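Numbering (this note's numbering), first residue to last: 1 to 418.
We put the CB at the ideal spot given by N, CA and C, even for glycine.
On a predicted model such as this, the values are computed, not experimentally measured, just so you know.
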């Protein structure tokens, strides 16, 4: 007989996940002059309590007749950053003389690792004011989303979250009015909660900000990837001229993991000193990928091939785990099957399946009735050893046959998937 139960444990980390932010952009003067080269500093902030290492930052979005690198690499490398540390990324840019005055955008992609070698990617927009053709007083006003935040590094599928937006009028001289901001996402991944997907700002003075917070709910079936919210900004200048801008808000989404298992399968009779096969079936019943799945058995008994690395388990897939244990004494012996795995964002989980072996004493073969002369002690021991050996061979052979059948079944299932 046996007893089993399930214990779920999520390993929590009080430290935040490492997060890099573009703190600001600095350069000499108020604008980048057309027809000249300028050195800019992209000041990067480690907004976390963890060390960041192996930072690779790539600046892109250059155009032949616009902003270009002036004999300067597009990728910068930083070996490490301490918590709350700011470091500049230096670039030398050339502004084409044919460019109109205005605010232009480049893209900054940052790839980095934490101290546990988990990899992360962060994308930022770099806004650069250019002093090009045309007088400053004649510049068209431009509205941008210069900052947004949704409270964490990821959004959980099926959960609600608050999206904070900060709008900026980049013009130094002109106000705008009748600003309408409309928010939408492809496939309805994000839906507003108890509000409209648009809002209005009556007027926005030069260089002024307007902040807004909207609550969204993420679609439960959203895939484990980064999804976009498109912000359409319609507004007018002081003369009534109409303008439209489009901004992209990128939000990574992760799925809640769901690992389901059977009860621990144990034979009805377990004998001391004899091999016992233990089996556990498990299924990924969630929508996300279970990563780095490892299974091990622990207990006060001999364990054969108990530690196994499964790897990744796709959504909707199933597999099994079997192990051979040899208890050394009779009575109740507790054991546990430990399953450890990760989610898409590096969160670590544990599941424990405790079980109890009710171990029986190994019985000698019964004597045949009748007047049989006592068997010599040496021969009795020899015969008993032979019988025990035969029993062990039969049990091991049975276990091997079962494993081969399961292995063959697994190979067939794998071939069918291919």
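8 Å contact criterion, which residue i and residue j should meet: CB distance rounded
i           : j           : result
residue 272 : residue 329 : 6 Å
residue 131 : residue 61  : Not quite, the Cβ-Cβ distance comes to about 19 Å (not below 8 Å), so this is no contact.
residue 176 : residue 141 : 5 Å
Cα-Cα separation between residue i and residue j, rounded to whole angstroms
i           : j           : result
residue 322 : residue 279 : 4 Å
residue 262 : residue 349 : 18 Å
residue 251 : residue 32  : 31 Å
residue 71  : residue 156 : 43 Å
residue 154 : residue 333 : 43 Å
residue 253 : residue 201 : 29 Å
residue 237 : residue 288 : 47 Å
residue 275 : residue 293 : 26 Å
residue 198 : residue 162 : 15 Å
residue 19  : residue 77  : 16 Å
residue 311 : residue 286 : 16 Å
residue 41  : residue 174 : 27 Å
residue 295 : residue 260 : 14 Å
residue 390 : residue 17  : Its pLDDT being 49, under 50, residue 390 is placed unreliably in this model, and the value from its coordinates should be taken loosely. Taking the straight line joining both Cα atoms gives about 57 Å.
residue 208 : residue 150 : 22 Å
Backbone secondary structure at residue i - three-state DSSP
i           : result
residue 299 : strand
residue 331 : strand
residue 102 : strand
residue 316 : coil
residue 245 : strand
residue 17  : coil
residue 158 : coil
residue 188 : helix
residue 63  : coil
residue 202 : strand
residue 500 : Because the chain is modelled from 1 through 418, residue 500 falls outside the range shown and cannot be assessed.
residue 195 : coil
residue 271 : strand
residue 222 : coil
residue 164 : strand
residue 306 : coil
residue 208 : coil
residue 71  : coil
residue 116 : coil
residue 363 : coil
Beta bridge counterpart(s) of residue i as assigned by DSSP
i           : result
residue 354 : 336
residue 143 : 169
residue 80  : 53
residue 284 : 259
residue 121 : 111
residue 231 : 183, 247
residue 277 : 324
C-beta atoms of residue i and residue j nearer than 7 Å
i           : j           : result
residue 64  : residue 103 : no
residue 122 : residue 53  : no
residue 224 : residue 344 : yes
residue 108 : residue 124 : yes
residue 326 : residue 302 : yes
residue 217 : residue 193 : yes
residue 38  : residue 93  : yes
Check: residue i C-beta below 6 Å from any heavy atom of the ligand FMN
i           : result
residue 287 : The model depicted lacks the ligand FMN and carries no ligand whatsoever.
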